[in-house]
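First comes the structure, then the notes that go with it.
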Amino acid sequence: MCLRRFSVGALVTQVLELERDGGGIKQMEETVRSKSSGLDILYRRLIRNMEPASLKLTQWICFATRPLSIEELRWAMVLEVDCSHRSLEAFQSAEDIPNNDRMKRQVQTLSRGLAEVTGTQDVQFIHQSVKDFFVEKGLSALSGGMTSTKATIEAHLRLSGICLRYLSMQEIGSASSPSSPSSPSSSFSSSSCRSFTRYSHTDYPFLRYATFSWVAHAKQGDATSVPQGDLLMLFASPTNSIMESWVRVYEDLDHWSADCPPKGTGVVHVMSRYGIFGLLTVILQTAHQTTLDIDASDDFGRTPLLWAAEKGHEAVVKLLLDTGKVEINSKDSRYGRTSLSWAAEKGHEAVVNRRYGGLPQAVTWLLSK
655 MCLRRFSVGA LVTQVLELER DGGGIKQMEE TVRSKSSGLD ILYRRLIRNM
705 EPASLKLTQW ICFATRPLSI EELRWAMVLE VDCSHRSLEA FQSAEDIPNN
755 DRMKRQVQTL SRGLAEVTGT QDVQFIHQSV KDFFVEKGLS ALSGGMTSTK
805 ATIEAHLRLS GICLRYLSMQ EIGSASSPSS PSSPSSSFSS SSCRSFTRYS
855 HTDYPFLRYA TFSWVAHAKQ GDATSVPQGD LLMLFASPTN SIMESWVRVY
905 EDLDHWSADC PPKGTGVVHV MSRYGIFGLL TVILQTAHQT TLDIDASDDF
955 GRTPLLWAAE KGHEAVVKLL LDTGKVEINS KDSRYGRTSL SWAAEKGHEA
1005 VVNRRYGGLP QAVTWLLSK
């Protein structure tokens, strides 16, 4: 808090003084630029010799799809894609999960005072300039000097993998009845009076974020130039168990959402639906080593090709067609429509051209409607 008053507060005070004394806009802008340069130097000094956990905390605060609560952050910080524990209980038995008070102290220590816990118990940087610094320069410095773009991509891949690892925990996969007092988090519940649901927030504080955000992070981290081995490792199971868990949890948490995946959704469906080209490319390259069916239908009767066509992901449509292993004229079970029909209705002319190599008169008519 003292750091914020010293840095940002000093800048605001000087600008207000200039305004009061009749200083012009250019003079104020010059003051902001000079002070911002000073903040940059200050931040660089503060992050010198930061530990790996500091990088992880910074990645979460910079790139989370929404601010994480201190309770969510407890799990986000201990999980990794390659962690050895396969159950939430194992983490607690090893005493790896800090309580809220300890986590708050860690936020202060790991961030060197650049992050704080708000009154609503969310974690954020003390000022927008801190986030700007990390996104533009700081993460690159903490990541061994890689470009800021690559540092951002690697951060999103890491966060997506952490979300998926949480979804792969044994308790998540096996939960099929309301929570009970013996559930994973009951030993350190924030409240002794709670109503039980299949996936209560008290028992699974990171579940909602992991369920709704892993795809967004995977999409943001999608780049063929960045190794994606850790994330791909989570999809290695031929049983699609992690996808089954995700679908079941999503239905439980937000069944009526338009984004809720239907039963039978597999990893190729997800990559195709959201246009995650880089990951899909690698998955298809290794498909021959597994029993993965790249033309499987979900419970809506939709294949990956149908999803990609409806959403207008031309590159994904081409990728799937080039495998020679997809049925071009397959129809979904709900509406009896083909990939061409969906692409035409949504106005995805490039996809229709890709699909047929040209626009027949009938398709042109559909696109005009």
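Just so you know, we're using this note's numbering here: the sequence shown kicks off at 655 and counts up by one.
All C-beta atoms in this analysis are idealised placements derived from N, C-alpha and C, irrespective of residue type, glycine included.
8 Å or more divides the Cβ of Tyr-863 from the Cβ of Leu-742. Inter-segment contact for the segment 775 to 783 and the segment 814 to 827 is absent: fewer than three beta-carbon pairs are separated by less than 8 Å. Taking 8 Å as the upper bound for CB-CB distance, Leu-796 and Thr-806 are not in contact here, some 12 Å apart. In the three-state reduction of the DSSP assignment, Ser-951 falls in the coil class, being assigned neither a helical nor a strand state. Judged by their CB atoms, Thr-977 and Asn-983 are not nearer to each other than the 8 Å cut-off. Collapsing the DSSP output to three states places Phe-717 in a helix. In terms of Cα proximity to Thr-919, the closest of Leu-938, Gly-932, Asp-947 is Asp-947. Contact check for Ser-951 against Thr-944 fails: the beta carbons are separated by 8 Å or more. Put simply, of Ser-987, Phe-788, Tyr-820, Ala-872 the residue whose alpha carbon is nearest the alpha carbon of Leu-700 is Phe-788. The straight-line gap separating the alpha-carbon atoms of Ile-816 and Lys-710 is approximately 11 Å. Its chain contains Trp-714, Leu-722, Ile-816, Phe-860 as the residues whose beta carbon lies nearer than 7 Å to that of Ala-730, once the 5 sequence neighbours on both sides are disregarded; these appear in chain order. For Glu-770, the enclosing beta strand (DSSP E) has its first and last residue at 769 to 771.
If you draw a straight line from the Cα of Glu-905 to the Cα of Ser-895, it is about 16 Å long.
Of the residues assessed, Tyr-928 falls on the buried side of the cut-off, its CB having 16 or more other CB atoms within 10 angstroms. In this structure, Ala-1004 sits away from Ala-963, with a CB-CB distance that is not shorter than 8 Å. CA-CA distance, Lys-972 to Gly-798, rounds to 36 Å.
Per DSSP, the continuous beta strand (DSSP E) segment holding Phe-779 begins and ends at 777 to 779. For Val-732, the enclosing alpha helix (DSSP H) covers residues 724 to 732. If you draw a straight line from the Cα of Val-869 to the Cα of Gln-939, it comes to about 21 Å. In the three-state reduction of the DSSP assignment, Ser-783 falls in the helix class, which pools H, G and I. In the three-state reduction of the DSSP assignment, Pro-706 falls in the helix class. Here Asp-736 carries a coil assignment [DSSP, helix/strand/coil].
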